[in-house]
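Notes to accompany the following structure.
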Amino acid sequence: MPRRKKKPRNRAQKYFSDSSSSDQRSFSDKRLCTQAKDKVHLNNSEHNSSTSTSKGNNINNDMNSSSQYTPMASTPNMNYPQNFSSFPLQSIPPYIPPPISPSIEMSLRELCQKMSNVEMKLTKLDRIEERLENMDKQFKYVDSEVCACKQRLNTLEQSAQFLSNVHDEYEILKGRIDTLTSGIESTKSLNNKVLDIETQSLEYNLLFFSIDEEPIAEETEENKVTDSKEAGHVIGGSLRDNENCMENILKFLEKEMKFEDAKSFKMEKAYRLGRSNDGADKPRPIVVRFSSLSDRSKVKNASRRLKDSKIWYKPSIPS
1 MPRRKKKPRN RAQKYFSDSS SSDQRSFSDK RLCTQAKDKV HLNNSEHNSS
51 TSTSKGNNIN NDMNSSSQYT PMASTPNMNY PQNFSSFPLQ SIPPYIPPPI
101 SPSIEMSLRE LCQKMSNVEM KLTKLDRIEE RLENMDKQFK YVDSEVCACK
151 QRLNTLEQSA QFLSNVHDEY EILKGRIDTL TSGIESTKSL NNKVLDIETQ
201 SLEYNLLFFS IDEEPIAEET EENKVTDSKE AGHVIGGSLR DNENCMENIL
251 KFLEKEMKFE DAKSFKMEKA YRLGRSNDGA DKPRPIVVRF SSLSDRSKVK
301 NASRRLKDSK IWYKPSIPS
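The numbers in UniProt numbering rise by one with no breaks, and the one at position 207 of the sequence shown is 207.
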């Protein structure tokens, strides 16, 4: 029986077998790569103890996603059995830090306690510094107040010195015023005494007005005045005049006032007041000093006889 000739394989089957072998090789390469990555990850996790579990899980997920098998679609619209499934990776346990010894834990607790004490002391220092700043501000305010008080005291001292000087001047002026007051009082008393004396001396006098002046050629002995100082003080000038005032007064008493016994009146003196002046409109008044008050009273009481006359008289009083 003749041997059956083998049918040549279909091109598609041959291509499929070639592609499957290539897929198997790529899968084996991926598996080796995944194992190498897992070794690297384990080594890194052993060296870095501070890596958290969540990060490891994320890396796990990334590795699982990268290790899943994805069939190659080398031929489009090609149906072939999936002989390969996803290869599960080994789960990586979380990193557990080694246990801490009691001595280290005690040291850490002491260190934490010291740090808390330091923080408390720093807080107290901050409060103390704040209080010191407040005290510094208060001291500055007190210092400014003290300076203001010093200025006020200086002003008060100057005012007190000024008042002291004023008081001294017042005392001096008061002494002077007291002296002047005592002098014025003594002067007043002296003036009163002088006034009394002058009044007593003038109570014998009468002043006659509007008697015409009649000058004579020569002076008579009766018209001379012995006490020139006293007469000068009374009339304020020289009494030597070319007029017999006493004779004129006696004529006036006989003719105008109708005194028949006019020559019996005793008169000490008679004179004109003031200096003679030829151009004067009015004659100067005549001062007559009587020796007795009775004669003066008779002449004084007879003033009603001169109603129609231009001549008049009045008592001589001190000015």
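Even for Gly, the Cβ is constructed at its ideal location relative to N, Cα and C.
Neighbour flag for residue 148 against chain C, beta carbons, 8 Å: The chain inventory of the structure shown lacks chain C, comprising one protein chain alone.
Cα-Cα separation, residue 323 to residue 299: Because residue 323 is not part of the residues shown, which for the chain are 1 to 319, the question remains open.
Where residue 271 falls: helix, strand or coil (DSSP): strand
Limits of the unbroken beta strand (DSSP E) element including residue 313: 312-315
Residue span of the beta strand (DSSP E) that contains residue 117, given as start and end: Counting along the chain, residue 117 falls outside any beta strand (DSSP E), though it belongs to the alpha helix (DSSP H) covering 102-202.
Three-pair Cβ contact test at 8 Å for the stretch 304-314 versus the stretch 260-276: The stretch 304-314 is not in contact with the stretch 260-276.
When 287, 213, 166 and 138 are compared against residue 205, the one with the closest alpha-carbon: The residue with the shortest Cα to Cα distance from residue 205 is 287.
Rounded straight-line distance, which links the Cα of residue 157 to that of residue 182: 37 Å
Alpha-carbon spacing of residue 178 relative to residue 162, whole angstroms: 24 Å
Option in 192, 166 and 202 with minimal Cα separation from residue 316: That would be 202, whose Cα lies nearest to the Cα of residue 316.
Residue 249 - partner residues in DSSP beta bridges: Answer is none; residue 249 lacks a bridge partner.
Residues that DSSP places opposite residue 96 in a beta bridge: Residue 96 is not bridged to any residue.
Residues that DSSP places opposite residue 286 in a beta bridge: Paired residues: 208 and 272.
Three-state class that DSSP yields for residue 214 in the structure shown: Here residue 214 sits in coil by DSSP.
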